[in-house]
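Here is the structure we will look at, set down as structure tokens.
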């Protein structure tokens, strides 16, 4: 009986790490700071756990941008870290305006994140049950 205990524990652990679908949407910022070159040309880079989910388009000369893009990650897990980096696109080097990080939870959520260099990022996400193979 003792030899089957590790197998049972392994089976139980694998059941608790269910994959789910993450959908990130409704990305918008307000009061992004201006720089020496003028108004912010903002965009957002999106990460979930170790996965790079991509980035939004650049919204030129807009301190209050809204992005249409939605991001989906089919292998998200509860408590993965959702990381959103807000950047100002410049000719030589893009400036990092701030980072928003949050452990994801099941359900639909809306959050506001205050950026280190000024401004606020608002976003929504849904984490739902994934499909098991």
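Numbering (mature numbering (1 follows the signal peptide of the UniProt record, and there is no 0)), first residue to last: -20 to -1, 1 to 113.
Here a beta-carbon is modelled for each residue, glycine too, at the ideal position from N, C-alpha and C.
Remember, it's a predicted structure, so these values are computed and weren't measured experimentally.
Have a look at residue 47 and residue 6 and give me their C-alpha separation to the nearest angstrom. Here residue 47 is taken as the residue at index 67 of the chain shown, counted from 1. Here residue 6 is taken as the residue at index 26 of the chain shown, counted from 1. Distance between the alpha carbons of residue 47 and residue 6 is about 7 Å.
Residue 8 to residue 78 span [Cα, whole Å]: Within the chain shown, residue 8 is the residue found at index 28, counting from 1. Within the chain shown, residue 78 is the residue found at index 98, counting from 1. Their Cα atoms are separated by approximately 14 Å.
Thinking residue 33 and residue 26 are a contact (beta carbons under 8 Å), I'd like their distance in whole angstroms, please. Stepping through the chain shown from its first residue, residue 33 is reached at position 53. Stepping through the chain shown from its first residue, residue 26 is reached at position 46. That belief holds up - the Cβ atoms of residue 33 and residue 26 are roughly 4 Å apart, short of 8 Å.
Using the C-alpha atoms, what's the distance from residue 45 back to residue 69? Counting from one through the chain shown, the residue named residue 69 turns up at place 89. Counting from one through the chain shown, the residue named residue 45 turns up at place 65. Looking at the two C-alpha atoms, the distance is approximately 13 Å.
Anyone know if the C-beta pair for residue 51 and residue 4 falls short of 8 Å? For this step, residue 51 is matched to residue 71 along the chain shown. For this step, residue 4 is matched to residue 24 along the chain shown. The answer is yes: Cβ separation under 8 Å.
Using the rule of at least 16 other Cβ atoms within 10 Å of the residue's Cβ for burial, across every protein chain shown, is residue 20 buried or exposed? Taking the chain shown and counting its residues from 1, the one referred to as residue 20 is at position 40. Classification of residue 20: buried, given that the 10 Å Cβ count is 16 or more.
What are the boundary residues of the beta strand (DSSP E) that includes residue 68? Looking up residue 68 in the chain shown gives position 88. From DSSP, the beta strand (DSSP E) with residue 68 extends over 61 to 68.
Under three-state DSSP, which class holds residue 1? Your numbering for residue 1 matches position 21 in the chain shown. Residue 1 falls in the strand class under three-state DSSP.
Go ahead and pull the three-state DSSP assignment for residue 38. Mapped onto the chain shown, residue 38 falls at position 58. Reduced to three states, the DSSP call for residue 38 is coil.
In terms of alpha-carbon separation, which member of 71, 94, 93 and 60 lies closest to residue 84? Walking along the chain shown from the start, residue 84 turns up at place 104. In terms of Cα proximity to residue 84, the closest of 71, 94, 93 and 60 is 60.
Does DSSP put residue 49 in a helix, a strand or coil? Here residue 49 refers to the residue found at position 69 when the chain shown is read from its first residue. Reduced to three states, the DSSP call for residue 49 is coil.
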